[in-house]
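Novice:
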Amino acid sequence: MICLKTLFCSKNISPNYNINSLYNISIKSISNEDIDLSQFKGKFILFVNVASKCGFTPQYKELEQLYNTYKNKLIIIGCPCNQFGSQEPGKSQDIKTFCQVNYGVSFIITEKIDVKGTKQHPLYNWLTKKSNNNKINSSVKWNFQKYLVGPQGELIDYFSSITSPLSKKIIKHLN
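If you're matching positions, the sequence shown starts at 1 in the UniProt record's numbering and goes up one per residue.
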């Protein structure tokens, strides 16, 4: 009984969560500190699954530009993930150093997480399941897929990896 309880109650396993609010979710930062998403009420949040060894990795530069332009009303949260082509193999300190040294990243980077599958983080369960976000079902197809959440915690839309963070598709929601 304890084994089953541990298996299905673990924070890292997400069979079929019913999370009706993004603000009920927390995630660990790259420095292993708790990030309670409710602290960002009233701001847009752009979630991006990131990787250091991907063809889209230069988007870190555009993400940083977007953040610096809109940081009074936008939070960017990069979520390292190694599920696509094993393109984020590093440990937390390696990822943190890579982001700071190569791109001067000042927005939030989380611990490495799974964005799909049986160990999908609750955040991505909310982002990808209409039963949780009340907007749309989606699946994360590759690194640097983006999800934009509005100031009231509503999912606005998601954008493929090829969509630049500086795209009009994203910026129109912020203006």
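Glycine included, every Cβ here is placed at the ideal spot set by N, Cα and C. The model shown is predicted, which means the values in this text are computed figures rather than measured ones.
Give the secondary structure of Ser38 by DSSP, where H, G and I count as helix, E and B as strand, and everything else as coil.
Specialist: Taking the first residue of the sequence shown as 1, we reach residue 38 at position 38. Helix at Ser38.
Novice: In whole angstroms, give me the CA-to-CA distance for Pro58 and Tyr67.
Specialist: Taking the sequence shown and counting its residues from 1, one reaches residue 58 at position 58. Taking the sequence shown and counting its residues from 1, one reaches residue 67 at position 67. Those two C-alpha atoms are separated by around 15 angstroms.
Novice: I need the DSSP call for Val101, collapsed to helix, strand or coil.
Specialist: In the sequence shown, the residue the question calls residue 101 occupies position 101. If DSSP states are grouped into helix, strand and coil, Val101 belongs with the helices.
Novice: With a 10 Å radius around its C-beta and 16 neighbouring C-beta atoms as the bar for buried, classify Asp114 as buried or exposed.
Specialist: Sequence index remark: in the sequence shown, residue 114 carries index 114 (1-based). That one is buried.
Novice: At what residue ranges does the region 58-130 contain a whole run of the beta strand (DSSP E), taking only runs of 3 or more?
Specialist: The qualifying runs are 74-80.
Novice: Quick one: Cα of Ile45 to Cα of Asp157, how far?
Specialist: Position 45 of the sequence shown, counted from the start, is the residue given in the question as residue 45. Position 157 of the sequence shown, counted from the start, is the residue given in the question as residue 157. Each residue's alpha carbon lies about 11 angstroms from the other.
Novice: Rounded to the nearest angstrom, what separates Ser106 and Tyr124 at their Cα positions?
Specialist: On the sequence shown, residue 106 is found 106 positions in, with the first residue counted as 1. On the sequence shown, residue 124 is found 124 positions in, with the first residue counted as 1. Answer to the nearest angstrom: the Cα atoms are 22 angstroms apart.
Novice: Could you pull out every residue in the same chain whose Cβ sits closer than 8 angstroms to the Cβ of Thr110, ignoring the five residues on either side in sequence?
Specialist: Here residue 110 corresponds to residue number 110 of the sequence shown, with the count starting at 1. Excluding positions up to five away in sequence, the list reads Ile27, Lys28, Ser29, Ile30, Ile35, Ile77, Gly78, Cys79 and Pro80.
Novice: Check whether the region 87-94 touches the region 148-166, taking contact to mean three or more Cβ pairs, one atom from each stretch, closer than 8 angstroms.
Specialist: no
Novice: Please report the residue range of the alpha helix (DSSP H) in which Leu174 lies.
Specialist: The count along the sequence shown starts at 1 and reaches residue 174 at position 174. Unbroken alpha helix (DSSP H) run through Leu174: Lys168 to Leu174.
Novice: Have a look at Lys168, Gln152, Ile171 and Lys53 and flag the residue whose alpha-carbon is nearest the alpha-carbon of Phe84.
Specialist: Position 84 of the sequence shown, counting from 1, holds the residue named residue 84. For the residues Lys168, Gln152, Ile171 and Lys53, the minimum Cα distance to Phe84 belongs to Lys53.
Novice: Helix or strand or just coil, what does DSSP make of Asn24?
Specialist: Taking the first residue of the sequence shown as position 1, residue 24 is located at position 24. Judged by DSSP in its simplified three-state form, Asn24 adopts helix.
Novice: Closest to Lys141 by CA distance: which of Glu33, Asn132 and Thr128 is it?
Specialist: Within the sequence shown, residue 141 is the residue found at index 141, counting from 1. Ranking Glu33, Asn132 and Thr128 by Cα distance to Lys141 puts Thr128 first.
Novice: Tell me where the beta strand (DSSP E) around Asn49 begins and ends.
Specialist: As a first step, residue 49 is located in the sequence shown; it is residue number 49 there, counting from the start. From DSSP, the beta strand (DSSP E) with Asn49 extends over Phe44 to Val50.
Novice: Compute the Euclidean distance between the alpha carbons of Cys99 and Tyr60, then round it to the nearest angstrom.
Specialist: Within the sequence shown, residue 99 is the residue found at index 99, counting from 1. Within the sequence shown, residue 60 is the residue found at index 60, counting from 1. So the alpha carbons of these two residues sit roughly 8 angstroms apart.
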